[in-house]
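Take a look at the structure below.
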Amino acid sequence: MAAHLRLRGTLALVTGGGSGIGRAICARFAREGAQVAIADCDEAGAAQTLRGLQAGDHQALRVDVGCAKSVADLVAQIQARFSRPANVCVNCAGITMDEFLLKQTEEAFDAVLRVNLKGTFLVTQAVAKALVASGASGGSIINLGSIVGKVGNLGQVNYSASKAGVEALSKTAAKELARYGIRCNTVLPGFVRSPMTDKVPQKVLDKFAAMVPLGRLGEPEDVAEVCAFLASDDSRYITGASLEVTGGLFI
Ligand code: NAD
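Residue numbers are given in full-length UniProt numbering: position 213 of the sequence shown equals residue 213, and the series is strictly consecutive.
Okay, here's the thing in structure tokens:
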């Protein structure tokens, strides 16, 4: 099959699809022939992603990934709309609330863990349950971790902990879901230009860019390409893996 249609027949759920990396993943998946369910708490952002997609049968949906009821509703809406469960899921919804450890509030810690880690758990569980119940053969879950979950980062005690948790969650899911033919992998981006990193002071971004062996910050498309590979059958023997997409930062 031509590489650009590797995802024909795939129904992909992309959380955080209303912005940045998630939007690039939706676009890439649609170009490769997937139907895409674009899920975000930002409905306007999800609708904007939908408008930008290559023609096909796609849908924008609202979800709060940190809320089990909202996630259950999302999975039910996908089933009703497409008459089947998503067989690819990218957990890309994420937030930062940066502050140094000595000043970090309990609220900011809880809020980041709720979206990044609990959200990944709730969506992974709901999607896997729906897939297993449908009797479908195989699936691919792709979770967005971060390189800072491995190495830590100033001002990101909550975020780095949440992303380390995502990586561990993915490895356990990979072990438990393998018997159903469902793979689960983590992508660890470095610093990627997006609305999330727009909040980071330019001098900090410049400092990181200077440290990247490949000489530049990442673009959302750099991550989307890797997600398309992990969603496709080209990665059929890869599960429980963490793929660094960092331009070589921190190697
Ligand atoms: P972004 O802020 O552009 O996009 C995040 C999206 O998640 C937004 O559309 C937002 O509305 C959505 N979202 C937030 N909370 C949600 C919730 N409760 N329910 C549903 N949707 C919610 O950020 P991005 O840079 O595109 O990041 C995407 C993912 O990649 C995140 O998980 C992030 O942690 C991860 N990541 C980003 C970078 C980077 O440098 N940009 C690096 C490593 C990892």
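Even glycine gets a Cβ: it sits at the ideal position worked out from N, Cα and C.
Given the structure is predicted, the values throughout are model-derived calculations rather than measurements.
* Under 7 Å, do residue 85 and residue 50 count as touching if we go by C-beta distance? -> no
* Pairwise C-alpha distance: residue 115 and residue 183 -> 22 Å
* Three-way DSSP call (helix, strand, coil) for residue 67 in this model -> Residue 67 falls in the coil class under three-state DSSP.
* Beta-carbon contacts of residue 5 that lie in its chain and below 7 Å, excluding the five residues immediately before and after -> 32, 33
* Asked: residue 151: which of 164, 139, 144 sits nearest, CA to CA?
  -> Sorting 164, 139, 144 by C-alpha distance to the C-alpha of residue 151 places 164 at the top.
* **Cα-Cα separation between residue 251 and residue 215, rounded to whole angstroms** => Whole-angstrom Cα-Cα distance: 14 Å.
* Asked: Should the segment 188 to 199 be regarded as contacting the segment 139 to 146, the criterion being three or more beta carbon pairs within less than 8 Å?
  -> yes
* To do: Would you please state the rounded distance, in angstroms, between the beta carbons of residue 60 and residue 38? I believe it to be under 8 Å.
  => At roughly 5 Å, the Cβ-Cβ gap stays under 8 Å, so residue 60 and residue 38 are in contact.
* Asked: Cβ of residue 100 versus every heavy atom of the ligand NAD: is any distance shorter than 6 Å?
  -> Residue 100 Cβ: outside cutoff for every heavy atom of the ligand NAD.
* Exposure label - residue 40; buried when at least 16 CB within 10 Å -> buried
* What's the C-alpha gap between residue 244 and residue 157? -> 20 Å
* Taking just the CA atoms, how far does residue 129 sit from residue 172? -> 15 Å
* Pairwise C-alpha distance: residue 126 and residue 36 -> Rounded to whole angstroms, residue 36 to residue 126 spans 17 Å at the Cα level.
* With DSSP as the reference, please indicate the residues paired to residue 91 in a beta bridge. => 15, 143
* Helix, strand or coil: which one does DSSP assign to residue 32? -> Three-state result, residue 32: coil.
* Looking at the structure shown, is residue 167 part of a helix, part of a strand, or coil, going by DSSP? -> helix
* Using a Cβ-Cβ cut-off of 7 Å (strictly less than) and excluding sequence neighbours within five positions of residue 97, which residues of its own chain qualify? -> 108, 111, 112, 158
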